[in-house]
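Numbering (UniProt numbering), first residue to last: 1 to 541.
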């Protein structure tokens, strides 16, 4: 080959090489590299035999020369084709992986048997009452069918301030009220209605202690009723009075009570300006036998125990005032312990069964306060000054009469400071034998009328007697009226003229000797004073 041809060949070779290099650079510049691969969905649940297509996404989208390879971690659970179709083979879990360009992504696959839906759910019990704070009750939930695919039960309470429930269905009482406990399985729900009625009563045998702390009136009523139904007859109440609310709804209405101890109750309402038992609190309660009141209670309101016909004993160490009719017609009431009472208003113990009227602080008693207390034997009121009115005037307009009228068993009276003895104060006291009233000055109408057994009366300061003071006292033989001054009597003070005075030995102060008349009769001298004939008249200094 000549040199000219050889040079031409070399030139063409160079040009072709340069052209190839230029083309190769241009192709490399057009290739886009893959940066990420994802699989959708990222998790999958299939039944055995079901299929689902997975999708692999290459990023960026313009990446070229990339192919995806699919694989399963367990072909016996889930198989995958090279186009991404997954097939459920058997129950279990497997991971499907998509790989490309050195990158990979996965899908978590769960293969289940055929899904069995929950058809119904029932809670047992379906209703529940709880009576103590902190009390627990286990609920159970029954699912139908038993082989449901998802039998998990979710428990919930409508009000956790009343009752809570655990994930296992254990209910705990928290506070008084109502709550609904629900159990949910699948799309089915059942409920249990829970009533929390916390008992405030502690029962031991026939005794119940009821704590009023934070209690409502409704709770007290319910607790008393439940205790009574359990055989309780002895009640001890402690706490604040507000929950008792005797004035509006006495929780003991209709309840048989052998003893009611209220000595631990405080915060009593005002009755006449003092803490007290409200009026009509136990009005006509025929089943209460004994009651104890605290020292805080100073007053018993009107009719508070009116016609409590089974009431036998009352202990009230702080009482100062007994208002009108407080214990009227308590026909079984035998004993009262009220050492601080100062004022007993009218008809308080009218027709009760009291045996002793021992009131060491009492200064005033009202009309008929002990009227027809036929079991009353003794009266001791060392501070009593006034028993009603004892002045001239219309009897029908007087007040404070007949305090001990008809006390047919009365034998002894101790009234060392009594000044005024009002109308009919001891009328009809048929067993009263002796009377000593050292300070009494005025005597009202018929004070001792029909005191059939009265034999002796000593009245050293008496100077005024109204009508019929001693009428129908057939056993009276000794009368001592030794006031050193003028004594005013009515024409009927001693009954009809000479009807009984001729059997009475009269003793007067010597200051009244000039009023005595000696009359010579067929049987010797007789003695008259105030126009009455006396068996004898003695004057002493």
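Glycine residues also receive a C-beta, built at the ideal position from the N, C-alpha and C atoms.
8 Å Cβ cutoff met for residue 354 and residue 332:
For this step, residue 354 is matched to residue 354 along the chain shown. For this step, residue 332 is matched to residue 332 along the chain shown. Not closer than 8 Å, so no.
So what's residue 477 in DSSP terms, helix, strand or just coil?
Stepping through the chain shown from its first residue, residue 477 is reached at position 477. Three-state result, residue 477: coil.
Taking the straight line between their C-alpha atoms, what separation do you get for residue 294 and residue 242?
The sequence position of residue 294 within the chain shown is 294, counting from 1. The sequence position of residue 242 within the chain shown is 242, counting from 1. Answer to the nearest angstrom: the Cα atoms are 15 Å apart.
Distance, residue 373 Cα to residue 406 Cα:
In the chain shown, residue 406 corresponds to position 406, counting from 1. In the chain shown, residue 373 corresponds to position 373, counting from 1. When rounded, the distance between both Cα atoms is 7 Å.
Taking only three categories from DSSP, how would you classify residue 445?
For this step, residue 445 is matched to residue 445 along the chain shown. Residue 445 falls in the coil class under three-state DSSP.
Taking contact to mean at least 3 C-beta pairs separated by less than 8 Å, is the segment 111-121 in contact with the segment 165-185?
Yes, they touch.
First through last residue of the beta strand (DSSP E) which encompasses residue 108:
Residue mapping note: residue 108 aligns to position 108 of the chain shown, counting from 1. First-last of the beta strand (DSSP E) with residue 108: 103-112.
Counted within 10 angstroms of its Cβ, other Cβ atoms place residue 170 as buried (16 or more) or exposed:
Position 170 of the chain shown, counting from 1, holds the residue named residue 170. Residue 170 counts as exposed, since fewer than 16 other C-beta atoms from the protein chains shown sit within 10 angstroms of its C-beta.
So, does the segment 57-64 touch the segment 72-81, judging by three or more C-beta pairs under 8 Å?
By the Cβ criterion, the segment 57-64 is not in contact with the segment 72-81, since fewer than three pairs of Cβ atoms, one from each stretch, lie closer than 8 Å.
Residue 466 in three-state terms, based on DSSP:
For the purposes of this step, residue 466 is identified with residue 466 of the chain shown, where counting begins at 1. Of the three classes helix, strand and coil, the one that applies to residue 466 here is coil, per DSSP.
Return the bridge partner residues of residue 378 from the DSSP annotation.
Residue numbering aside, residue 378 sits at position 378 when the chain shown is read from its first letter. As computed with DSSP, residue 378 is found in a beta bridge with 356 and 412.
Are the beta-carbon atoms belonging to residue 155 and residue 165 less than 8 Å from one another?
In the chain shown, counting from the first residue as 1, residue 155 sits at position 155. In the chain shown, counting from the first residue as 1, residue 165 sits at position 165. Here residue 155 is near residue 165, since their CB atoms are less than 8 Å apart.
Threshold first: 4 residues or longer. Then list the alpha helix (DSSP H) segments lying entirely within the segment 214-296, N to C.
Entirely contained in the segment 214-296, the alpha helix (DSSP H) runs reaching 4 residues are, in chain order, 217-229.
8 Å Cβ shell around residue 529 - same chain, five flanking residues per side excluded
Reading the chain shown from its first residue, position 529 is the one you call residue 529. Excluding positions up to five away in sequence, the list reads 506, 508, 512, 515, 516, 517 and 537.
Closest Cα partner of residue 298 within the set 266, 313 and 357:
Locating residue 298 in the chain shown gives position 298, where the first residue counts as 1. For residue 298, the nearest C-alpha among the options comes from 266.
When 499, 38 and 532 are compared against residue 96, the one with the closest alpha-carbon
Locating residue 96 in the chain shown gives position 96, counting from the first residue. Comparing Cα positions, the closest option is 38.
Would you check if the segment 317-326 and the segment 344-362 touch, i.e. whether three or more CB-CB distances between them fall below 8 Å?
As far as the Cβ criterion goes, the segment 344-362 touches the segment 317-326, which means the pair count is three or higher.
Can you tell me which of 256, 176, 304 and 98 puts its alpha carbon nearest to the alpha carbon of residue 277?
Taking the chain shown and counting its residues from 1, one reaches residue 277 at position 277. Considering only alpha carbons, the answer is 304.
In whole angstroms, what is the alpha-carbon distance linking residue 484 and residue 510?
The residue you call residue 484 lines up with position 484 of the chain shown. The residue you call residue 510 lines up with position 510 of the chain shown. In a straight line, the C-alpha of residue 484 is about 7 Å away from that of residue 510.
CA nearest to the CA of residue 256, picked from 273, 84 and 206:
Numbered from 1 along the chain shown, position 256 holds the residue referred to as residue 256. Nearest C-alpha to residue 256: 206.
Sequence-distant residues of the same chain with beta carbon closer than 8 Å to residue 525, five excluded per side:
Numbered from its first residue, the chain shown carries residue 525 at position 525. Within the same chain, 518 and 519 come within 8 Å of residue 525 by CB-CB distance, once the 5 residues on both sides are set aside.
Less than 8 Å between C-beta atoms, sequence neighbours within five positions excluded: which residues of the same chain meet that for residue 27?
Here residue 27 refers to the residue found at position 27 of the chain shown. Confidence at residue 27 is low in this model, with a pLDDT of 48, below 50, so the placement of that residue is unreliable and no value is reported for it.
Do you know how far the Cα of residue 68 is from the Cα of residue 79?
Working through the chain shown from its first residue, we reach residue 79 at position 79. Working through the chain shown from its first residue, we reach residue 68 at position 68. When rounded, the distance between both Cα atoms is 16 Å.
Taking 8 Å as the cut-off, decide whether the C-beta atoms of residue 249 and residue 190 are in contact.
Taking the first residue of the chain shown as position 1, residue 249 is located at position 249. Taking the first residue of the chain shown as position 1, residue 190 is located at position 190. Between residue 249 and residue 190, the C-beta gap is not smaller than 8 Å, which leaves the two residues out of contact.
Determine which residues share a DSSP beta bridge with residue 580 and list them.
Residue 580 lies beyond the residue range present for the chain, which begins at 1 and ends at 541; the question has no answer from this structure.
Should residue 551 be labelled buried (16 or more other beta-carbon atoms within 10 Å of its own) or exposed?
Any property of residue 551 remains undetermined from this structure, which presents the chain solely from 1 to 541.
Thinking C-alpha only, which one of 192, 178 and 103 is nearest residue 122?
Here residue 122 corresponds to residue number 122 of the chain shown, with the count starting at 1. Closest by alpha carbon: 192.
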